[in-house]
Every structure is written in structure tokens, then in C-alpha cells.
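Asker: Under UniProt numbering, the first residue of the sequence shown is numbered 1, with each subsequent residue one higher. Virtual Cβ for every residue (Gly too), placed ideally from N, Cα, C.
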Amino acid sequence: MSMQHDAVVIGAGPAGLAAASRLAELGLDVLTLDEQFRLGGQIYRHIEKASDQQFRFLGDDYARGQILAARFRKSGAKYESSATVWQIEPDGSICYSRHGKSKRIKGSYIIAATGAMERPVPLPGWNLPGVIGAGAANNLAKEAGLQPDVPLVIAGSGPLLLLEATQLIKKGAKIEAILDTTPQIPPLSAAPKIPPALLRTDFLLKGVAMMQMIRRSSVPYLKGVTDIRCLGSEQVTGVEARQGDRTLTFDAKMVLLHFGVIPNTHIFRQAGCRMAWKNDQRYWHPVCDNWGRTNFERIFAAGDGAAVYGALAAEYKGELAALETARCLGILPEYERDALAAPLRAALKKDMYPRPLIDALFSPHFDATALPDETVLCRCEHVTVGDIRKVVAEGVHEVNEVKIITRSGMGPCQGRMCGPALAEIVASESGVSIQKAGLLNIRPPLKPIPLDEVATMDLGPDGSGPANLFKNQSK
């Protein structure tokens, strides 16, 4: 396979599939690299192998992935599954590992469609066996048809929490309780967002249907819950929480946690893309124009990896990034790009009508002061919240300095699981803003790879040696 491509798309979820399909349909040489071994990303996981029963159960939203996958296959776009990208550079260079070998290629343009990840929120006992993300449970159901067969508690917030709850109710799972941290009374800030949302009554009715299903079930659904902790020593045995003045306790052998989703930004941060803080949703995202271009001419961000707006919006944004890439490569004149983009922008606008209301209703709130000192923050290096507080009290108020001292964020996940909460704790304890507390630096490799892969990798005709791969990573 060639080491030079017109474009390289990273990720085969809705944004990546749409972008790669459009580029290939325009006759461009596009390679799609995806860490998963099947098309679809997280939202459309197992889409090409799904049974009729799965389609009936998961509905039209999931079935749309089948259309995207079929279009991608028909387009002729090159595709490599099980490909872990571990470095990108502003000049279009990409290093990735596949089947035990690393390789360096180059794209005239890179469209990174990295998708979203569940927001990691530390709480007492979250590292116990039996405590997993609700999204992970959903993936197991899609991939292998697995479902919990033990008493469980679902805890957290956000519309996907309710979706997972309703799907488990349909399957007859033994749910002891749904603990929702969303306030019982919606915030006043949500009121002005209602009129635009009414333009998408179909979307709102899905939410109403989920709530009706939960209410009709015998599952206790409790809102305004705080101070959640998972109980147990060798494995989770229950959950304790508070609702107002009441202490709630439930027996459970499994706990599913979900506190919303945030962009998966490691690849953009490693490349040095400019980042911005979205205060209402409390996450960092790459700064992009309305085509998805970052501050680097050759790097585009598409889909939920740029900002979280859902699968359909991700699809449209992936295709918009592809159209601008095609214009840059001289395949489309500007007027044709704009003509092709117009219906996509109209569809995107319609899809976005309910988003401000959803963001207002489920706006995340992280109370760092409520965490006990003994709560494990960094599970890779076993760093506790108390360890962070001690360092901050000694005058260290920047996350990368805290990282150096405590090793929080230095494990195999490179801060994916502890980074967001680390910044919240540092900001809270020091009295500075999140922006002032900073963002963890990310350096290659983005995922752990054996050193012998780097030593023996094919660098291509312009490669000067493995030692030069990391020479500009001082940022």
C-alpha cells in the first residue's frame, strides 16, 4: 500500500465514514484508519453483522449506520481496521500500529474523527470490579449480545443514561435503582431553549417515551441524587447515595456509571492543535472553523471529537470536512463545494434545534469538594484525591506540574480517565479557573506500543530514523 495519500481519515464512526465516502466518491485516494476491528465506531458498533432482532431492538437511529457502512464499502475507500494511530504531525505525517507492526504514512490532509468518550467522574469505589461505564455495557450488548444477569444500579446523568436504562428494562435486567444526579427542578437557563427544541418534536417525543417506560416499570427512578459511592472490598456489593436529607442504599453486584460524554481530544492535543474550554459542558475541544479545519491547514476535526452534538450531526460534519478537503486538493471549485454543502448545513441546523435545551437540562456539575481524600483519582498509578489536594496545598496550581509530582496522568491511559477530574480538583482547591489550571500535555505514543515496533518501523522515503519521531514534542 502507498505511503502517500490525498487524505487520511482517522476513525470509522459516523463522521469518519461520511468523510471517507465522500472523498472516495470524488475520486480521491483516501485511507481510513480505525482502531476497532469493525466499521461503525461506538454508536454503530457491529453494524455490518447486526441481526434483524438487533435492528428492531435498537431502532432507526442505530439502523442508519447500515446505510453509512454500505455507502463506505461502495465508495471504494481504502480501509485498515485494528489500526492504532499513535502520532500525527501538522505536515500530515501519521504513525500507526497494526498487527504488531508500526508504519509511517503521509496524507496531504488529515480528517480526525475520533468521536466522544464517556466523561470519567471519580467517586468512592469506582475502581471496584463490577463497576463499569454504561457505554461499555451498551457496546458489549451490540458486539456480543451480552447483558447483565445480576442485580445492578445505574447512576449518573444525561440522556444516554436514560437510553441505557430503557434498553435494559426492555431486556428484563434486574435494575435495583436509577440514580440521576440531574436536579429535580430544571434550571431557569433551560426555559429560553424550549422554543427551538419544539421544532424537533420527533426528538422530544423519544425522550418522553423513555421517561414513560421508566415510570411504567417497577424500577425506582430518583433525581437530584448526590454523594454516590460504590460499596465493597473485593468487588462491588452495593451503592450508597443521598437525595436531600435521605440516605439511599441499594444492593448490587454491578454498577453502570454514566455522566455524559466529552470529545476524545488526545490526538489533537498531541499534534499541538489550539484548544478551547466549553464552560457550560465543561470540556476542552479543538478550535475549528465551520468546515472543521483546526489551526493547522492540513488537520481537520470532524464529529464528536470536535464538539459533542450526536451521531447525525457528526455525519454531516464529516462530509463538510471532506468537501473542504476536496476543494483544497483542487477537485471541487468553491461554488460547487458550497452547493454540495448547502443541504448538509440545512440538515445540520435542523438536527441541532434540540441541542441547546439538552445541554441546559443536563449541564454537568462536578463538586470536587465532595470527594473524600481516599477516593482513587488515577487508577493507572493509584493516585488519590488526597494526594492531589496535598500537592495543591503546597502551592502547585498547574495540572502538568501536579502530574510530574504525583504521576497522575502518567499511566497507560495518558490521563484519559483522570485528566478531566484532575483539572477540576486542581482548580477547585487552588481557587483558579480551569483554563488557568491548564490541560495535560499529550506526547506520542498516544497508546502504548512496544519499542521494537518503533525501532523497526518503515519510515518511508523521507524518514530519517526512529530517533527523530519525537524530536519536536517539547510542547
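(1) Roughly how many angstroms separate the alpha carbons of Ala370 and Asp227, rounded to a whole number?
(2) Which partner residues of Tyr62 appear in the DSSP bridge assignment?
(3) Can you tell me where the beta strand (DSSP E) with Met417 in it begins and where it stops?
(4) With which residues is Tyr96 paired in a DSSP beta bridge?
(5) Run through the DSSP bridge pairs and tell me what Ser157 is partnered with.
(6) Assign Gln184 to one of two classes, buried (16 or more other C-beta atoms within 10 Å of its C-beta) or exposed (fewer than that).
(7) Identify the residues that DSSP records as bridge partners of Gln212: which are they?
(8) Exposed or buried, which one is Ser21 when buried takes at least 16 other CB atoms within 10 Å?
(9) Please confirm whether Leu160 and His258 have their CB atoms less than 7 Å apart.
(10) Considering Phe362, what are the terminal residues of the beta strand (DSSP E) in which it resides?
(11) Within 10 angstroms of the Cβ of Arg216, are there 16 or more other Cβ atoms? Answer buried if so, exposed if not.
(12) Taking only three categories from DSSP, how would you classify Gly395?
(13) By the DSSP assignment, the beta strand (DSSP E) with Glu240 in it spans what residues?
(14) Whether or not the stretch 286-294 and the stretch 267-278 are in contact is what I'm after, with contact meaning three or more pairs of Cβ atoms, one per stretch, closer than 8 Å; do they touch?
(15) Among Pro14, Glu35, His5, whose alpha-carbon lies nearest the alpha-carbon of Ala24?
(16) Under 8 Å: do the stretch 47-58 and the stretch 111-129 share three or more Cβ pairs, one atom per stretch?
(17) What's the C-alpha gap between Leu459 and Met3?
(18) Let me know the secondary structure DSSP gives Glu48 once reduced to three states.
(19) Between Gly386, Ile67, Arg298, Gly27, which lies nearest to Gly13 when the distance is taken from Cα to Cα?
(20) Could you tell me which of Leu28, Gly318, Ile175, Lys403 sits nearest to Cys380, measuring between CA atoms?
(21) At what residues does the alpha helix (DSSP H) containing Gly16 begin and finish?
(22) Using 8 Å as the Cβ pair cut-off and three pairs as the minimum, do the stretch 315-335 and the stretch 441-461 touch?
(23) If you follow the alpha helix (DSSP H) that Gly318 is part of, which residue opens it and which one closes it?
(24) Applying the criterion that 16 or more other CB atoms from any shown protein chain within 10 Å of the CB defines a buried residue, is Ser97 buried or exposed?
(25) Whose CA, out of Gly40, His99, Pro124, lies closest to the CA of Asp373?
(26) For Ile94 and Lys106, which I take to be in contact (beta-carbon distance under 8 Å), what is that distance rounded to the nearest angstrom?
(27) State yes or no: is the C-beta of Gly238 within less than 7 Å of the C-beta of Leu231?
(28) Does the stretch 346-364 come within contact of the stretch 128-136, defined as at least 3 CB pairs closer than 8 Å?
(29) Return the residue from the list Gly395, Asp60, Val399, Thr265 that minimises the CA-CA distance to Gly438.
(30) Of the choices Ala191, Ala141, Ser189, Asp304, whose alpha-carbon is the least far from that of Phe57?
(31) Rounding to the nearest angstrom, what Cα-Cα distance links Pro192 and Ile358 in this structure?
(32) Considering Ile267, what are the terminal residues of the beta strand (DSSP E) in which it resides?
(33) With which residues is Lys78 paired in a DSSP beta bridge?
(34) Would you list, in sequence order, the uninterrupted beta strand (DSSP E) runs of no fewer than 3 residues that lie entirely inside the stretch 126-189?
(35) For Lys475, which three-state DSSP category applies?
Answerer: This is what the structure holds:
(1) Asp227 has its alpha-carbon roughly 7 Å from the corresponding atom of Ala370.
(2) Answer is none; Tyr62 lacks a bridge partner.
(3) In the DSSP assignment, Met417 falls outside any beta strand (DSSP E) and carries neither an H nor an E.
(4) In the DSSP output, where bridge partners are listed per residue, Tyr96 has Val85, Lys103.
(5) Ser157 pairs with Phe259.
(6) Label assigned to Gln184: exposed.
(7) The partner list for Gln212 (beta bridge, DSSP) is empty, contrary to what the question assumes.
(8) Classification for Ser21: buried.
(9) In this structure, His258 lies closer than 7 Å to Leu160 by Cβ.
(10) That residue, Phe362, is in no beta strand (DSSP E); it is neither H nor E in DSSP.
(11) Under a 10 Å Cβ-count criterion, Arg216 is classified as exposed, with fewer than 16 other Cβ atoms of the shown protein chains found around its own Cβ.
(12) Gly395 falls in the coil class under three-state DSSP.
(13) For Glu240, the uninterrupted beta strand (DSSP E) run begins and ends at 236-243, by DSSP.
(14) Because the criterion of three Cβ pairs below 8 Å is met, the stretch 267-278 and the stretch 286-294 touch.
(15) Here the closest residue by C-alpha is His5.
(16) Too few Cβ pairs lie closer than 8 Å, so no.
(17) Cα atoms of Leu459 and Met3: separation of roughly 9 Å, rounded to the nearest angstrom.
(18) Taken through DSSP and simplified to helix, strand or coil, Glu48 comes out as coil.
(19) Ranking Gly386, Ile67, Arg298, Gly27 by CA distance to the CA of Gly13 puts Ile67 first.
(20) Ranking Leu28, Gly318, Ile175, Lys403 by Cα distance to Cys380 puts Lys403 first.
(21) DSSP places Gly16 inside the alpha helix (DSSP H), whose first and last residues are 14-25.
(22) No, they do not touch.
(23) Judged by DSSP secondary structure, Gly318 falls within the alpha helix (DSSP H) whose first and last residues are 311-328.
(24) Its Cβ being crowded by 16 or more others within 10 Å, Ser97 is buried.
(25) Of Gly40, His99, Pro124, the residue nearest in Cα terms is Pro124.
(26) Taking 8 Å as the upper bound for CB-CB distance, Ile94 and Lys106 are in contact here, some 7 Å apart.
(27) Taking 7 Å as the Cβ cut-off, Gly238 and Leu231 qualify as a contacting pair.
(28) Short answer: they don't touch.
(29) The candidate whose alpha carbon is nearest that of Gly438 is Val399.
(30) Nearest option by C-alpha distance: Ala141.
(31) Each residue's Cα considered, the two are about 12 Å apart.
(32) From DSSP, Ile267 is part of no beta strand (DSSP E) but of the alpha helix (DSSP H) over 266-271.
(33) According to the DSSP secondary-structure assignment, Lys78 is paired through a beta bridge with Leu31.
(34) If we require 3 residues or more, the beta strand (DSSP E) runs fully inside the stretch 126-189 come out as 131-133, 152-157, 175-180.
(35) In this prediction, Lys475 has a pLDDT of 45, which is less than 50 and means its spatial position is unreliable; what the coordinates show is noted afterwards. Secondary structure at Lys475: coil, using DSSP grouped into helix, strand and coil.
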